[in-house]
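Take a look at the structure below.
Numbering (the working numbering), first residue to last: -7 to 234.
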């Protein structure tokens, strides 16, 4: 089992950082950033401050760029304890109100209003209800966009099915099971605007023709969605409304 310890107060450019150090049997040191936390994998034989400091001085500027990007990235999922949430590229401020209402929540202009005094209220139940409602809208949008682009990409094919993915993966936005004529869609797309969702639609429809990510595949995708690279950047960096 790998041993770990916290290297506290590592100083770089007059600022202090905590670094998770993982001792390994590898030949080389390796550093990275996960969930905004800098970590360092160190071969046991090099586990001393001189070696660690020498290595970190060379890689720390790059690590800080990655950390800054991760610090600023929007989280996926609905968290009613936050101040806001994005639905289809629109930012909604979350308001918790100690009143009763016929519904558990409602959207008013740019506000998501949660009624705390409703019978049987719980954050978990309301979060689940909101997610279900917006996932339903997401699938409706995905089907609508698929029908439109399928006329261009797959003029002779219309018998594929679209479902919400049961998995809660944060890096797989959709999957095409070609042999089953099935496309599954990540619930986390409910945060992104329509143009970004369209880019995923075109990507998955193109897999009916190319079951790979070859140059020809991407030529087809970009032919039908010229802003694909921009949309991909938005997806990777959780830019919900690019």
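Each residue gets a CB set at the ideal place from its N, CA and C atoms; glycine is no exception.
Excluding five sequence neighbours on each side, which residues of the same chain lie with their C-beta closer than 7 Å to the C-beta of residue 214?
220
Using only CA atoms, which one of 163, 187, 210 and 130 lies nearest to residue 154?
130
Within the segment 52 to 122, ranges of the beta strand (DSSP E) (whole runs, at least 3 residues)
76 to 79, 82 to 89, 97 to 100 and 103 to 107
Taking 8 Å as the threshold, find out whether the segment 188 to 200 comes into contact with the segment 33 to 44 through three or more Cβ pairs.
no
Simplified DSSP assignment, three categories, for residue 50
Helix at residue 50.
Is DSSP giving residue 188 helix, strand or coil here?
helix
Please state whether the Cβ-Cβ distance between residue 226 and residue 188 is less than 7 Å.
Yes, they are a contact pair.
Helix, strand or coil: which one does DSSP assign to residue 283?
Residue coverage of the chain in this structure runs from -7 to 234, which leaves residue 283 outside it and unanswerable.
Extent of the continuous beta strand (DSSP E) run through residue 156
153 to 156 is the span of the beta strand (DSSP E), which, as asked, contains residue 156.
Measuring straight from C-alpha to C-alpha, what distance separates residue 78 and residue 121?
16 Å
Unbroken alpha helix (DSSP H) run spanning residue 213, endpoints:
207 to 216
The beta strand (DSSP E) with residue -5 in it runs from where to where?
-5 to 4
Am I right that residue 85 and residue 64 are in contact with their C-beta atoms under 8 Å? What's the rounded C-beta distance?
Not a contact, Cβ separation roughly 19 Å.
Starting from residue 226, trace the beta strand (DSSP E) both ways and give me its first and last residue.
Residue 226 -> not in any beta strand (DSSP E); alpha helix (DSSP H) instead, spanning 220 to 228.
Determine the burial state of residue 179: buried for a count of at least 16 other Cβ atoms within 10 Å of its Cβ, exposed for fewer.
buried
Assign residue 43 to one of three DSSP states: helix, strand, or coil.
helix
First and last residue of the uninterrupted beta strand (DSSP E) at residue 236
The requested residue 236 is not part of the displayed model; the chain covers only -7 to 234.
Going by alpha carbons, who is nearest to residue 163 out of 135, 0, 177 and 222?
Of 135, 0, 177 and 222, the residue nearest in Cα terms is 177.
Do residue 151 and residue 168 have their C-beta atoms within less than 7 Å of each other?
no
Output the boundary residues of the beta strand (DSSP E) element that contains residue 11.
For residue 11, the enclosing beta strand (DSSP E) has its first and last residue at 7 to 16.
If we ignore side chains and look at the alpha-carbon of each, how far apart do residue 123 and residue 66 end up?
17 Å
If you measure between the beta carbons of residue 144 and residue 216, is that distance less than 7 Å?
yes
Own chain residues within Cβ distance below 6 Å of residue 11, not counting five before or after
-1, 2, 30 and 32
Roughly how many angstroms separate the alpha carbons of residue 147 and residue 136, rounded to a whole number?
15 Å
Report, in whole angstroms, the separation of the C-beta atoms of residue 232 and residue 184, which I expect to be a contact under 8 Å.
About 5 Å; that satisfies the 8 Å criterion.
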